[in-house]
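Residue numbers (the working numbering): 8 to 332.
The block underneath contains the structure these notes are about, expressed in C-alpha cells.
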C-alpha cells in the first residue's frame, strides 16, 4: 500500500520517462525560450519607454535653456552697443554741432542708465540660469564674463550715481576701450563659444539617449510582433499548407509542435486517416470483397461498431443470396 505523499515506482518511472523524452524536452526548451523572449521584450519596452519619457523633458529643457541664454546674450550685446553709443555722444557733447543735432547730455545720461540696467539684468539672468552647469571650462568663461561686467559696471557707477550728465570722467568714457585687460566683448565671445559647445554636447547626448530609447522600443515591439506571428500567423500558414497535401503526416510539423495548434493538427490528421479507412472499407464492399472491419481506437468508437454491424449485415445478405440460388 502506498504511503501518503509517495508515488509508486511504476508511476515515478513513467514520469521520468516522460520528462526525459526528447520531444518533451524540445517542447519545454521552446516554451522556455519563448517565455524568455516575451519577458525580455516587455522589459525592453518598459525600460525604453521610461528612458524616453525621462530624457525628453531633459532635451526640451536644454533647448529652452539655449533659447533663453541666446535671448539674454542678444539683450546684453544690444545694451552694450547702445551704452557705447551713449558714451560716444557724451564724449562730444561739448561740441556745438553735436548739441545741435540732438546729442544732449541729459537724455544721453538717462538712456545710458536705462541700458545699463538692461545689461545688468541680462548678466544676472545668465548667472542665475547657468551657474549650475558642471563643465569646468564653461564655468571659467562664465566667471570671466561676470568679472568683466563687474569692472565695466564699476567704471560707470560713479557717473551714473552723481546725477550730473555733464561731469563725466575720462575712465568712464574709456569703459569700452580699456586695454589693460581683456575686454568685455572678448569675454562675451568666449562665453558664447563655451556655451555653444556645452549646449551642443547636452543636446547631442539627449538625442543619442532618445535614439537609443526609440531603437529599444522598435526592437521590443519587433520581438513581440515576431512572437505573435510565430504563435498565431505562422502556425495557421503551416496548417493550411499541411491541409493542402494529399495525406497528412501523423506527426505535426515542427512549427506546430508544442503549441495549441498541435492538438488540432493531430485531430485533423486522425480524421483524415479515418476517412481514408472508410473509403477503403466502402470500396471493398462495392467491389464485392469482404473488407477488414475498421479498427477501433477506443471502446466508444461508433465508426468501428458501425463497420462491424455493416459487415454482419453484408454477410447475412450474402448468405441469403446463396441460399436463394
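Ideal Cβ placement from N, Cα and C applies to all residues, glycine included.
Legend entry - Own chain, CB closer than 8 Å to residue 56, minus 5 neighbours either side, in chain order: In the chain shown, residue 56 corresponds to position 49, counting from 1. Apart from sequence neighbours up to five positions away, the residues of its chain that approach residue 56 with a beta-carbon distance below 8 Å are 220 and 224, ordered along the chain.
Inset, instruction - May I ask which residues mark the beginning and end of the alpha helix (DSSP H) holding residue 289? - result: The residue given as residue 289 occupies position 282 in the chain shown. Element bounds for residue 289: 268-293.
Inset, instruction - Go through its chain and collect everything with a Cβ distance to residue 336's Cβ below 8 Å, but skip five positions before and after it. - result: The structure shown does not extend to residue 336, since the chain is modelled only from 8 through 332, so no value can be given for it.
Legend entry - Span separating the alpha-carbon of residue 268 from that of residue 67: Here residue 268 refers to the residue found at position 261 of the chain shown. Here residue 67 refers to the residue found at position 60 of the chain shown. Whole-angstrom Cα-Cα distance: 49 Å.
Inset, instruction - Following the continuous alpha helix (DSSP H) through residue 161, name the residue where it begins and the one where it ends. - result: The residue given as residue 161 occupies position 154 in the chain shown. Note, residue 161: alpha helix (DSSP H), 143-169.
Legend entry - Residues near residue 183 by beta carbon distance below 6 Å, same chain, minus five either side: By 1-based counting over the chain shown, the position of residue 183 is 176. Excluding residues within five positions, the ones whose Cβ falls inside 6 Å are 91.
Inset, instruction - Please determine if the region 151-167 and the region 113-131 are in contact, where contact requires at least 3 C-beta pairs separated by less than 8 Å. - result: A contact between stretches requires three or more CB pairs, one per stretch, nearer than 8 Å, and the region 151-167 meets this requirement with the region 113-131.
Inset, instruction - Could you confirm whether any beta carbon from chain C is found closer than 7 Å to the beta carbon of residue 95? - result: No chain C is part of this structure, which consists of one protein chain only.
Legend entry - Residue interval of the alpha helix (DSSP H) (run including residue 175): Here residue 175 corresponds to residue number 168 of the chain shown, with the count starting at 1. Where residue 175 is concerned, there is no enclosing alpha helix (DSSP H), given that its DSSP letter is neither H nor E.
Legend entry - Collapsed DSSP secondary structure at residue 252 in the structure displayed: The count along the chain shown starts at 1 and reaches residue 252 at position 245. DSSP places residue 252 in coil when its eight states are reduced to three.
Inset, instruction - Confirm, please, whether the CB-CB distance from residue 122 to residue 86 is below 7 Å. - result: Numbered from 1 along the chain shown, position 79 holds the residue referred to as residue 86. Numbered from 1 along the chain shown, position 115 holds the residue referred to as residue 122. Closer than 7 Å, so yes.
Legend entry - Nearest residue (CA-CA) to residue 234, options 262, 256 and 82: As a first step, residue 234 is located in the chain shown; it is residue number 227 there, counting from the start. Comparing Cα-Cα distances from residue 234 to each of 262, 256 and 82, the minimum goes to 262.
Legend entry - Cβ neighbours of residue 45 in the same chain (closer than 7 Å, five flanking residues each side left out): For this step, residue 45 is matched to residue 38 along the chain shown. Contacts found: 234.
Inset, instruction - Using beta-carbon positions only, say whether residue 230 and residue 69 come within less than 7 Å of one another. - result: The residue labelled residue 230 in the question sits at position 223 within the chain shown. The residue labelled residue 69 in the question sits at position 62 within the chain shown. No, Cβ-Cβ distance for residue 230 and residue 69 is not below 7 Å.
Inset, instruction - Whole angstroms is fine: what's the gap from residue 108's alpha carbon to residue 95's? - result: Residue 108 sits at position 101 when you count from the first residue of the chain shown. Residue 95 sits at position 88 when you count from the first residue of the chain shown. With a pLDDT of 49 at residue 108, under the threshold of 50, the predicted position of this residue should be treated as unreliable, though the coordinate-derived value follows. Going by the C-alpha atoms only, they are around 14 Å apart.
Inset, instruction - Might you give, ordered along the chain, the residues of its own chain that have their beta carbon closer than 7 Å to the beta carbon of residue 300, omitting 5 neighbours on each side? - result: Along the chain shown, read from residue 1 onward, the residue named residue 300 stands at position 293. Counting only Cβ-Cβ distances below 7 Å, and skipping sequence neighbours, we find 311, 314, 315 and 318.
Legend entry - Beta carbon of residue 112 nearer than 7 Å to that of residue 172: Here residue 112 is taken as the residue at index 105 of the chain shown, counted from 1. Here residue 172 is taken as the residue at index 165 of the chain shown, counted from 1. Cβ atoms of residue 112 and residue 172: closer than 7 Å.
Inset, instruction - Kindly indicate which three-state DSSP category residue 139 falls into: helix, strand or coil? - result: As a position in the chain shown, residue 139 is number 132, starting the count at 1. Three-state result, residue 139: coil.
Inset, instruction - Could you tell me which of 136, 165 and 42 sits nearest to residue 120, measuring between CA atoms? - result: Position 113 of the chain shown, counted from the start, is the residue given in the question as residue 120. Minimum Cα distance to residue 120 is reached at 165.
Legend entry - Separation of residue 307 from residue 240, as counted between CA atoms: Working through the chain shown from its first residue, we reach residue 240 at position 233. Working through the chain shown from its first residue, we reach residue 307 at position 300. C-alpha separation (whole angstroms): 36 Å.
Legend entry - Three-state class that DSSP yields for residue 232 in the structure shown: Residue numbering aside, residue 232 sits at position 225 when the chain shown is read from its first letter. Residue 232 falls in the helix class under three-state DSSP.
Inset, instruction - Hey, could you find the ends of the alpha helix (DSSP H) residue 321 is sitting in? - result: Mapped onto the chain shown, residue 321 falls at position 314. 309-331 is the extent of the alpha helix (DSSP H) around residue 321.
Inset, instruction - Inspect the CB distances between the region 197-215 and the region 138-145 and report whether three or more fall short of 8 Å. - result: With the cut-off at 8 Å, the region 197-215 and the region 138-145 touch.
Inset, instruction - Under 8 Å by Cβ, that's how I've got residue 175 and residue 84 pegged, so tell me the actual separation to the nearest angstrom. - result: Taking the first residue of the chain shown as 1, we reach residue 175 at position 168. Taking the first residue of the chain shown as 1, we reach residue 84 at position 77. The pair is not a contact, with the Cβ atoms about 23 Å apart (cut-off 8 Å).
Legend entry - residue 261 (DSSP reduced to helix, strand or coil): Translated into the one-based positions of the chain shown, residue 261 becomes position 254. The answer is helix: DSSP assigns residue 261 an H, G or I state.
Inset, instruction - Going by CA-CA distance only, name the one from 181, 37, 76 and 42 that's closest to residue 98. - result: Counted from its first residue, the chain shown places residue 98 at position 91. Among 181, 37, 76 and 42, the Cα nearest to that of residue 98 is on 181.
Inset, instruction - Pick helix, strand or coil for residue 113, following the three-state DSSP scheme. - result: One-based indexing of the chain shown puts residue 113 at position 106. Helix at residue 113.
Inset, instruction - Apply the 10 Å Cβ neighbour rule to residue 324 and answer buried if 16 or more other Cβ atoms are within range, or exposed otherwise. - result: Locating residue 324 in the chain shown gives position 317, counting from the first residue. Flag for residue 324 reads exposed.
Inset, instruction - Evaluate residue 286 with the Cβ neighbour count: other Cβ atoms within 10 Å of its Cβ, from every protein chain shown; 16 or more gives buried, anything less gives exposed. - result: Here residue 286 is taken as the residue at index 279 of the chain shown, counted from 1. That one is exposed.
Legend entry - Under 7 Å between C-beta atoms of residue 260 and residue 245: Counting from 1 along the chain shown, the entry for residue 260 is found at position 253. Counting from 1 along the chain shown, the entry for residue 245 is found at position 238. Yes, the Cβ-Cβ distance between residue 260 and residue 245 is below 7 Å.
Legend entry - Reduced DSSP category for residue 76 - H, G, I as helix; E, B as strand; rest coil: On the chain shown, residue 76 is found 69 positions in, with the first residue counted as 1. Here residue 76 sits in helix by DSSP.
Inset, instruction - Put residue 237 into one of helix, strand or coil per three-state DSSP. - result: Locating residue 237 in the chain shown gives position 230, counting from the first residue. In this structure, residue 237 counts as helix in the three-state DSSP scheme.
Legend entry - Cβ-based burial, residue 155 [other Cβ within 10 Å; buried from 16]: Position 148 of the chain shown, counted from the start, is the residue given in the question as residue 155. Under this definition residue 155 is a buried residue.
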